[in-house]
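K.L.:
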Amino acid sequence: MDTFNWTYDDLGRLVTEVFDSHDNVLDFEANYTYDLVGNRLEKTVDQDLDLDIDETYTYTYNTSDQLLTETKVVGNVDDGTNFETDDTTTTYSYTNTLQTAKQVIETYSTDVISNTTYGFNLQGRMDEVVTDTYDSNGDVVRRETATYEYDDKGIRVEATQKVEVDHDTDPLTALQVESDETTTYLSDPMNHTGYSQVIEEVTVDNLNSMSETERVIYTLGLDVLQQVKYDSANPTGLNSIMLHDGHGSTRMLTDMLGAVTIVNSIPQIFTYDAYGESLGFNKADAATSFLYSGELFDSRIGQQYLRARYYDFATGTFNRLDPFFGNLKDPQSLHKYLYTHGDPVNGIDPSGLFVDFGTSAFGYAVEAEIEAVYALTFPHRMPDTEFGKWAKLSFTDTDRIPGSAWFAKPDIIDHNRYKYMEIKPWSPTGTIAAKAQMKVRAAQFSRFGYTPDPTWPPEPTPFYTFLTLEVPVMVFNIEGVIFYSDYLQIAAEFVVGVTLAEVASYQLYTIAVSSAPNIRVVAQTGLAIARGWSRAAVTSLNAGIQSSTSRATMTSTLAGGAI
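Numbering of the sequence shown is given in full-length UniProt numbering, commencing with residue 1 and proceeding in unit increments.
1. What span of residues does the beta strand (DSSP E) with residue 31 cover, start to end?
2. Compute the distance between the beta-carbons of residue 434 and residue 419, then report whether it is under 7 Å.
3. Cβ atoms of residue 270 and residue 281: under 7 Å apart, would you say?
4. So, is the C-beta of residue 219 closer than 7 Å to a C-beta in chain B?
5. Assuming residue 142 and residue 130 are in contact, meaning their beta carbons sit under 8 Å apart, how far apart are those beta carbons, in whole angstroms?
6. Straight-line CA distance for residue 286 to residue 240?
7. By DSSP, does residue 444 sit in helix, in strand, or in coil?
8. Please return the same chain residues whose Cβ sits closer than 7 Å to the Cβ of residue 382, not counting the five positions on each side in sequence.
9. Taking the alpha-carbon of residue 177 as reference, which of 191, 205, 195 has the nearest alpha-carbon?
10. Measuring CB to CB, does residue 336 end up less than 7 Å from residue 353?
11. With DSSP run on the structure shown, which of helix, strand or coil describes residue 374?
12. Are residue 91 and residue 71 touching if we call contact CB-CB under 7 Å?
13. Report the rounded CA-to-CA distance for residue 515 versus residue 223, giving the unit in angstroms.
14. Taking the beta strand (DSSP E) that residue 126 falls in, what are its first and last residues?
15. Answer with buried or exposed for residue 41, where buried requires no fewer than 16 other C-beta atoms within 10 angstroms of its C-beta.
16. If you count every other CB in all the chains shown that lies within 10 Å of the CB of residue 260, and 16 or more means buried, which is it?
17. Which of helix, strand or coil does DSSP assign to residue 566?
18. Taking only heavy atoms of the ligand ADP into account, decide whether any of them is closer than 6 Å to the Cβ of residue 418.
19. Decide if the stretch 342–356 is in contact with the stretch 6–14; the criterion is three or more beta carbon pairs, one per stretch, under 8 Å apart.
20. Going along the chain, which unbroken runs of the beta strand (DSSP E) with 3 or more residues stay wholly within the stretch 247–271?
21. Using DSSP bridges, identify the partner residues of residue 421.
22. Verify whether the separation of the beta carbon atoms of residue 118 and residue 101 is less than 7 Å.
23. Whole angstroms are fine: how far does the CA of residue 54 sit from the CA of residue 490?
24. Can you tell me which of the three DSSP states residue 7 falls into?
25. Let me check understanding here. Comparing Cα to Cα, which of 227, 22, 127, 49 lies closest to residue 300?
26. Pull up the DSSP beta-bridge partners for residue 452, would you.
27. Can you tell which of 410, 212, 252 has its C-alpha closest to the C-alpha of residue 201?
28. In whole angstroms, give me the CA-to-CA distance for residue 193 and residue 225.
29. Confirm, please, whether the CB-CB distance from residue 388 to residue 411 is below 7 Å.
30. Is DSSP giving residue 176 helix, strand or coil here?
31. In angstroms with no decimal places, state the Cα-to-Cα distance between residue 347 and residue 355.
32. Round the Cβ separation of residue 28 and residue 46 to the nearest angstrom and send it over; I've been treating them as touching at under 8 Å.
33. With DSSP collapsed to three states, give me the class of residue 299.
34. Look at the alpha carbon of residue 371 and the alpha carbon of residue 456, and state the distance between them as a whole number of angstroms.
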């Protein structure tokens, strides 16, 4: 039986991870230390639980919390048994926009092993990575170049990798192109995972008349459930089912009968440490790219693609600045590079922008943005408007009891207009909680003349692209509850006035049918049932939403009375 044990410090950061594998082959203990702001200072690894330190990593940072050096020492640094030939130092430098510019790996004797340079486009997306590998004379013997293209929403749509090598060791001879391949990604932004997901990827050989070398097709549910890979070894397709753990990581590939998939004599079984480094397998040998936390591993650069940014498993950091300012109620969110606030066991970050601990930091960020937009829209109301503060409403001192309007904290309350609103995520838990909370608010506030404000934001509901979030978020009001969602398709179906009861009923309905093979059609039918709309009307609206390419077109579609 495999057993993981984790311990944390008072700030919830992972400090010890112990893995006791069933056959003792993968046993290890890792210990982490941090500075006051959350930067990892040291990592020690005991690879067989014999109480001897096998590897020690130390890290240094600049005043902007950017990683400057990573030093790896093999052996126990305390007993002088270092194996210096395996010791390495990796140094990092950055652009003026605080993005990773260069990564240089050196051996103990200061010989440069490799030099990786990163390039970014005007939107801050990584668009080129060049890695040069050197021989003992300092000559480049191998160059790997990866280039990336993105759509107007920042989603990766294409990646090219070219490999050049020196076959004759003559430094004056130009490198020869060994391989040159381009992979095109087709993504579905409107799926039930809540994030844009790749549904098909096609790889072509640029040295052989753009001939197709591989095609992978994915099946989506609440996770990526299945893939079919077509290549020279599997011309009719290798069908693999993905089995996930509670963290969302792919732990095994099986065939349709449940037998473990074997590719090139390697069983497709995957184990990871807390930060996503592979244990007992090479990610390059995996028959799928969806690995740690169920997200895409990019074998070209050895990092994980998390939409807005790339994540480095080895350092537990992102490759560029987090554009989100942070939530003052959660100080660790103010760190610009740290992955999951130092708690990768309980958190994930599919967007590359917000840690999801179940109650997502994304919600805090959107709530702050909504409040800011409200304040800018109605500056004359601000002296009498409060956000998330005690209402402090009472006729007498006896009214000031727990659960009363005195201690109520609506998200937005306007004491001049006697109005209040709540802000909730567009989700089953969010909508059902909103329905219950608004009943409580009515009981608390009605005797003081306060009522919900169902008028802001006005219809047709706009799509807000909050500058600090880098993602389009739909915001709409139902009976005084401001719902938000970046899941635009289903959210858009409810723009035209519905009740909280209908919303809650529909959310429960979608949960009930979530295992259906054609979730989108079933969900549309459920919507028609909940609203009494015709299926044709719902399908028409969905078609308009899916074909829209701009916020203006989207808003026009919604305002046009499609239902």
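Glycine included, C-beta positions come from ideal geometry on N, C-alpha and C.
Just so it is clear, the structure is predicted and the values come from calculations on it, not from any experiment.
P.N.:
Put simply:
1. Under the DSSP assignment, residue 31 falls in the beta strand (DSSP E) whose first and last residues are 28–34.
2. Against a cut-off of 7 Å, the Cβ pair of residue 419 and residue 434 comes out as no contact.
3. With a cutoff of 7 Å on beta-carbon distance, residue 281 and residue 270 are scored as near each other.
4. In summary, chain B is missing from the structure at hand, where a single protein chain is found.
5. So it is not a contact: roughly 11 Å between Cβ atoms.
6. When rounded, the distance between both Cα atoms is 12 Å.
7. If DSSP states are grouped into helix, strand and coil, residue 444 belongs with the helices.
8. Around residue 382: 375.
9. Cα-wise, what sits closest to residue 177 is 205.
10. Inclusion of residue 336 and residue 353 in the CB contact set at 7 Å is not warranted, their separation being larger than that value.
11. The three-state reading of DSSP puts residue 374 in helix, counting H, G and I together.
12. Not in contact: residue 91 and residue 71 (Cβ atoms no closer than 7 Å).
13. For residue 515, the pLDDT reaches just 37, beneath the cut-off of 50, and the residue's location in the model is therefore unreliable, although a value from the coordinates is still provided. Answer to the nearest angstrom: the Cα atoms are 11 Å apart.
14. Note, residue 126: beta strand (DSSP E), 126–134.
15. With fewer than 16 Cβ atoms within 10 Å of its Cβ, residue 41 is classed as exposed.
16. By the neighbour-count definition (other C-beta atoms within 10 Å, threshold 16), residue 260 is an exposed residue.
17. No answer is possible for residue 566: it lies beyond the span of the chain, which begins at 1 and ends at 563.
18. Looking at this structure, you won't find the ligand ADP or any other ligand, since it has none at all.
19. Using a C-beta cut-off of 8 Å, the stretch 342–356 makes contact with the stretch 6–14, since at least three inter-stretch Cβ pairs fall below that distance.
20. Runs of the beta strand (DSSP E) inside the stretch 247–271: 250–254.
21. Bridge pairing for residue 421: 412 [DSSP].
22. In contact: residue 118 and residue 101 (Cβ atoms closer than 7 Å).
23. Model confidence at residue 490 stands at a pLDDT of 46, short of 50, so the residue's coordinates are unreliable and nothing is read from them.
24. Collapsing the DSSP output to three states places residue 7 in a strand.
25. With respect to the C-alpha of residue 300, the residue from 227, 22, 127, 49 having the closest C-alpha is 127.
26. Answer is 420.
27. If you compare the alpha carbons of 410, 212, 252 with that of residue 201, the shortest gap goes to 212.
28. C-alpha of residue 193 to C-alpha of residue 225: approximately 11 Å in a straight line.
29. Result yes, Cβ atoms of residue 411 and residue 388 sit closer than 7 Å.
30. Looking at residue 176 - three-state DSSP - the assignment turns out to be strand.
31. In a straight line, the C-alpha of residue 347 is about 6 Å away from that of residue 355.
32. 6 Å between Cβ atoms; contact.
33. When secondary structure is reduced to three states using DSSP, residue 299 falls in the coil class, being assigned neither helix nor strand.
34. If I take the Cα positions, the gap works out to 12 Å.
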